[in-house]
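Notes follow once the structure below has been shown.
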Amino acid sequence: MTAAPPERLLEDLNASQREAVTVTAGPLAIIAGAGSGKTRVISRRAAYAIETGAVPADQILLVTFTDKAAGEMVERMVALGHSGVMARTFHAAALAQLRHFWPSRHDGAALPSILDSKLRLLVPLIGRLPGGYRFTPAKDVADTIEWAKVRRIKPERWVSEGADRAPIPADLFGRLYRDYERAKERAGLLDFEDMLVKTVELLEGDAEAAALVRARKRWFSVDEYQDTNALSERLLELWL
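Using our numbering, the first residue of the sequence shown is number 612, and each one after it goes up by one.
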């Protein structure tokens with residue numbers, strides 16, 4: 612049976628969409644609004660890259676911002692005849708890499724569990740703050756910690772690098788942030804940002820792990836790239 616020519620992937624596209632689909636190497640930004648066929652273009656572009664020999668299907672990673680979108684992207688690729696293409700969120704891809712490498716880098720220990728909500732650890736810590744600060748909304752603290760972690764600002768650098776963002780005095784917040792990190796470590800947990808932080812640290816500091824990751828995936832497409840933060844962008848750079 613003769614394989615369908617890749618040109619079939621272009622037949623129902625307009626000129627701008629065809630141009631985007633046929634660029635299969637190097638950096639490319641696709642700027643498109645809601646309802647303009649962006650997801651179709653992303654899936655067709657991956658299929659076109661495979662069918663024109665630009666990259667094998669198993670070396671593609673299509674990055675989305677939700678698990679639901681990742682599932683829909685996989686379905687689109689299957690419908691185009693390419694079931695071997697992986698679609699995941701930044702966090703899901705990072706978590707899979709951490710799970711693979713963690714035991715061999717931590718004396719056989721399994722990857723810590725993922726904390727479902729920072730509030731579980733923060734509420735009792737906030738309750739021990741002095742005076743009226745113990746009534747600080749836990750969500751405000753959690754949001755500020757997330758802001759710090761995606762910028763890779765550690766507790767000991769908070770006063771010098773993030774002081775103006777805190778809902779409480781900078782020195783007090785720095786201690787609270789430090790106590791949260793310690794409580795998380797004692798409980799054997801990672802939070803949502805740690806999935807990216809720990810993967811970035813792994814790939815920055817472990818040349819063997821980085822080489823293996825880069826050998827497995829070498830063609831990336833990121834949906835909703837405008838929503839990528841500094842931490843996920845750094846992870847993408849390391850994957851590349």
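C-beta atoms are modelled at their ideal positions from N, C-alpha and C, and glycine is treated no differently.
Just to check my reading of the structure: residue i and residue j have Cβ atoms closer than 8 Å, yes? What is that Cβ distance to the nearest angstrom?
{"i": "L691", "j": "A658", "result": "4 Å"}
{"i": "L849", "j": "F831", "result": "At roughly 11 Å, the Cβ-Cβ gap does not stay under 8 Å, so L849 and F831 are not in contact."}
{"i": "A822", "j": "F712", "result": "No, A822 and F712 are not in contact; Cβ-Cβ is about 12 Å, not under 8 Å."}
Suppose you measure from the CA of residue i to the CA of residue j; what does that come to, to the nearest Å?
{"i": "H693", "j": "A660", "result": "11 Å"}
{"i": "D669", "j": "V824", "result": "12 Å"}
{"i": "P778", "j": "Y788", "result": "12 Å"}
{"i": "N840", "j": "V808", "result": "12 Å"}
{"i": "V752", "j": "V770", "result": "15 Å"}
{"i": "I764", "j": "V634", "result": "37 Å"}
{"i": "L639", "j": "R656", "result": "11 Å"}
{"i": "A818", "j": "E772", "result": "29 Å"}
{"i": "E804", "j": "L730", "result": "14 Å"}
{"i": "G644", "j": "I756", "result": "32 Å"}
{"i": "Y791", "j": "G646", "result": "42 Å"}
{"i": "F701", "j": "I737", "result": "30 Å"}
{"i": "P741", "j": "P748", "result": "14 Å"}
{"i": "E812", "j": "R845", "result": "10 Å"}
{"i": "P616", "j": "K750", "result": "53 Å"}
Starting from residue i, follow its DSSP beta bridges and name the residues at the other end.
{"i": "T700", "result": "T675"}
{"i": "V833", "result": "V674"}
{"i": "L787", "result": "Beta-bridge pairing links L787 to no other residue."}
{"i": "L800", "result": "S724"}
Does the beta-carbon distance from residue i to residue j come in below 8 Å?
{"i": "L732", "j": "A794", "result": "yes"}
{"i": "L672", "j": "A704", "result": "yes"}
{"i": "M684", "j": "T677", "result": "no"}
{"i": "Y836", "j": "L783", "result": "no"}
{"i": "I653", "j": "D838", "result": "no"}
{"i": "V761", "j": "L842", "result": "yes"}
Quick check on the DSSP output: what are the complete beta strand (DSSP E) runs of length 3 or more inside the region 657-683, in order along the chain?
Runs of beta strand (DSSP E) with 3 or more residues, each lying fully within the region 657-683, are found at 671-675, listed in chain order.
What alpha helix (DSSP H) runs, 4 residues minimum, are completely inside the region 738-767?
Residue ranges of uninterrupted alpha helix (DSSP H) with 4 or more members, entirely inside the region 738-767 and ordered along the chain, are 749-761.
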